[in-house]
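J.: To convert, note that position 33 of the sequence shown is 23 in the working numbering; the numbers rise steadily by one, no gaps.
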Amino acid sequence: MVSAVGVDLAGSPRNWTGLCHLDEMLRCEALKVHRDEEIIDFIEERSPSIVAIDAPLTPPREGYAKSMRECDRV
């Protein structure tokens, strides 16, 4: 049987990252976290067959290096 974890990454460290685990019996567990370590622990503890990650495609408005190329911001 297959189990899966879905990760909806936040676009900013101030926002929540959503996690969801769907087990072999189709039971769903969902929670919100802030830290990368919490994401890793959640996935490792459940050992899913599949991990699906939804990541934002837009760079954060702050915190980017001034040397970042213009094409990276488009």
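In this text, a Cβ means the ideal position worked out from N, Cα and C, and glycines have one as well.
Based on Cα-Cα distance, which residue from H24, L9, R25 lies nearest to C18?
T.: Nearest of H24, L9, R25 to C18, Cα basis: L9.
J.: What's the gap between the Cα of I33 and the Cα of I40?
T.: Spanning the two alpha carbons is a distance of roughly 10 Å.
J.: Give me the Cα-Cα distance between H11 and L21, rounded to the nearest whole angstrom.
T.: If I take the Cα positions, the gap works out to 9 Å.
J.: Going straight from the alpha carbon of P38 to that of V(-3), what length do you get?
T.: Distance between the alpha carbons of P38 and V(-3): 12 Å.
J.: Based on the DSSP output, what are the partners of V41 in its beta bridges?
T.: Note: V41 sits in a beta bridge opposite V(-5).
J.: Tell me whether the beta-carbon of A45 lies closer than 8 Å to the beta-carbon of A(-6).
T.: Result no, Cβ atoms of A45 and A(-6) do not sit closer than 8 Å.
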